[in-house]
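Reading through the structure tokens given below for one structure.
In the UniProt record's numbering, the protein residues as written are 1 to 203.
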């Protein structure tokens, strides 16, 4: 079996370390050591830890951003219910897997600020899914499938906020477990559609 390319090993090591010790404590030195390469070799593939973080999110986690981009580019495809269910499913899984990685940032305000500034320079950040889902809903609004008076930004915030809550808070409820992503996504999409769709979904 051929050894994995260095870039793949670095991404694998970064993903594992970010999950286990958190983004704040996963240094490039530790990532390089876990990948079996030098820190200088890591910087041949990635300009910064922030870029490495973005690549972990886009290449190792559920592909939420590409899904939103493709739907916004071609509104009117599929059903609104089906599209929102798929978005909710991908978002639920994305936040479930990314929350343990990014949570450590929120303990240090200055670190979070520096990290967000670096992400903005890369055209990334936690605002991207919200912006992209709003763009998709506005495209559907223009296509006549979302009510003209619907607040698309609020709708996007409700859907993504619920997905983030599933990752953050559902473990604390009495049952102590998250609902399966497919079931959660279907319920969430149906509820949201009741408020924004032109044709109300059947009960």
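Ideal Cβ positions, reconstructed from N, Cα and C, are used throughout, including at glycine.
(Q) Since residue 185 and residue 92 should fall inside the 8 Å C-beta cutoff, what is the C-beta to C-beta distance between them, to a whole number of angstroms? (A) Indeed, because the Cβ distance is near 6 Å, the residues count as touching under 8 Å.
Q | Bounding residues of the alpha helix (DSSP H) (the contiguous stretch that carries residue 68) | A | Counted as a single uninterrupted DSSP element, the alpha helix (DSSP H) harbouring residue 68 occupies residues 64-73.
Q) So, is residue 197 buried or exposed, given that buried needs 16 or more other C-beta atoms within 10 angstroms? A) With 16 or more Cβ atoms within 10 Å of its Cβ, residue 197 is classed as buried.
Q. Taking all protein chains shown into account, do 16 or more other C-beta atoms lie within 10 angstroms of the C-beta of residue 32, making it buried, or fewer, making it exposed?
A. Buried: at least 16 other Cβ atoms inside 10 Å.
(Q) Please report the straight-line C-alpha distance between residue 161 and residue 47, rounded to a whole angstrom. (A) About 31 Å.
**Q.** Straight-line Cα distance separating residue 195 from residue 58
**A.** Their Cα atoms are separated by approximately 31 Å.
**Q.** Whole-angstrom distance between residue 102 and residue 142, CA atom to CA atom
**A.** Going from the Cα of residue 142 to the Cα of residue 102 covers about 35 Å.
Q) Span of the alpha helix (DSSP H) holding residue 163? A) Residue 163: member of the alpha helix (DSSP H) spanning 152-168, first to last residue.
Q. So what does DSSP say about residue 4, is it helix, strand or coil?
A. DSSP, read as helix, strand or coil, puts residue 4 in coil.
Q) For residue 98, which of helix, strand or coil comes out of DSSP? A) Helix.
**Q.** Secondary structure of residue 197, DSSP reduced to three states
**A.** Strand.
Q: Using only alpha-carbon positions, find the residue among 10, 129, 114 that is nearest to residue 95.
A: Ranking 10, 129, 114 by CA distance to the CA of residue 95 puts 129 first.
Q) What's the C-alpha gap between residue 3 and residue 98? A) Rounded to the nearest angstrom, the gap between the Cα atoms of residue 3 and residue 98 is 27 Å.
(Q) So, at 6 Å on beta carbons, what are the nonlocal neighbours of residue 163 in its own chain, with the 5 sequence-adjacent residues on each side left out? (A) So the qualifying residues of the chain are 91, 92, 95.
Q: Would you check if there are 3 or more beta carbon pairs closer than 8 Å linking the region 65-85 to the region 177-192?
A: A contact exists between the region 65-85 and the region 177-192.
Q) From what residue to what residue does the alpha helix (DSSP H) around residue 52 run? A) Here the alpha helix (DSSP H) through residue 52 covers 49-60.
**Q.** Inter-residue Cα distance where the pair is residue 62 and residue 74
**A.** Spanning the two alpha carbons is a distance of roughly 21 Å.
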